[in-house]
Structures are given as C-alpha cells and as structure tokens.
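One structure is given below, encoded as structure tokens.
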Amino acid sequence: MSAVLFILNDAPYGSERAYNGLRLAGAMAAKEGVQVRLFLMADAVGCAKAGQKVPEGYYNVQLMLVKVLRKGEVALCGTCMDARGLSESDMVAGAQRSTLAQLADWTAEADKVLVF
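Structure representation (structure tokens):
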C-alpha cells in the first residue's frame, strides 16, 4: 500500500490552492491501495468548518473534505484552530484535532508528501 500525505495551508476560499489539494486528495483516496492522510494547518483549518454555504454553482470544500474522509484520515492543527477560535464541535464529523507531533509521525510514515 502506498501512503500519501497532503498538507494544506491556505484558506478554503480566495485562492484555489486548498481546492486543488482537496481535488487531488479525493482522487487519490478513490484509488485502490492508496492510504490518504490530510493535515490542515494555518487558514486551511477552515476547510473542515461544518455548515459551509456557498453560492450556487461554486465549489464547496466541506463536501470535498467529506469525500476524502470516506476512505482517508483528516487531522487539523490544534494550535491553528485555537488561533482562529475554532473548536472540535465546529468541524465536520471525522476531522480530528491534532498536533505537530502527529504531523511529524505521518510525515515519517508517508511515501509521498504533497504540500498546498
């Protein structure tokens, strides 16, 4: 099994970095024999905010994140969440508050690390 770690840093909207990272993570999670882990840092923790409402026809990163969660793991930087006033109850089900130590472990275990 191949292990791929995605690290997202950018806000969910305003640029397309998070969007593109989530697109690729979702496509990779759909493949057989690929373990996908996604770590959200800095403004990217907003990608996991539950209850996102976007204009009709606009992409919704919350829905894209849920697609990754079906077969992969999603962790959020706890310090980054605190800095933005976000709690675990604000997040989509399955996204876990985490630490830099866990990111270090995931990085060491990954065959590939992609940063957006």
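For the sequence shown, the numbering used here gives the first residue as -5, with consecutive numbering after it. By construction, the Cβ of each residue, glycine as well, lies at the ideal position given by its N, Cα and C atoms. These numbers come from a predicted model, not from an experiment.
DSSP, read as helix, strand or coil, puts VAL109 in strand. A contact is defined here as three or more CB-CB pairs under 8 Å, and the stretch -2 to 13 meets this definition with respect to the stretch 22 to 38.
Counting only residues of its own chain and dropping the five nearest sequence neighbours on each side, ALA42 has a CB closer than 8 Å to the CB of LEU34, GLN56, LEU59, VAL68, LEU70, MET85, VAL86, ALA89. Looking at the DSSP output, CYS71 sits in a beta bridge with SER92. Secondary structure in the stretch -5 to 54: the alpha helix (DSSP H) runs of 4 residues or longer, each lying completely within the stretch, are 11 to 23 in chain order. Closest by C-alpha distance to GLY72, out of LYS65, GLU82, LYS61, is GLU82.
Annotation for TYR53: TYR13 place their beta carbon closer than 7 Å to its own, counting only its chain and skipping 5 residues before and after. When the five nearest sequence neighbours on each side are left out, the beta carbons in the same chain lying within less than 8 Å of the beta carbon of ASP105 are those of SER(-4), ALA(-3), VAL(-2), in order along the chain. Put simply, of PHE110, TYR7, LEU94 the residue whose alpha carbon is nearest the alpha carbon of PRO49 is TYR7.
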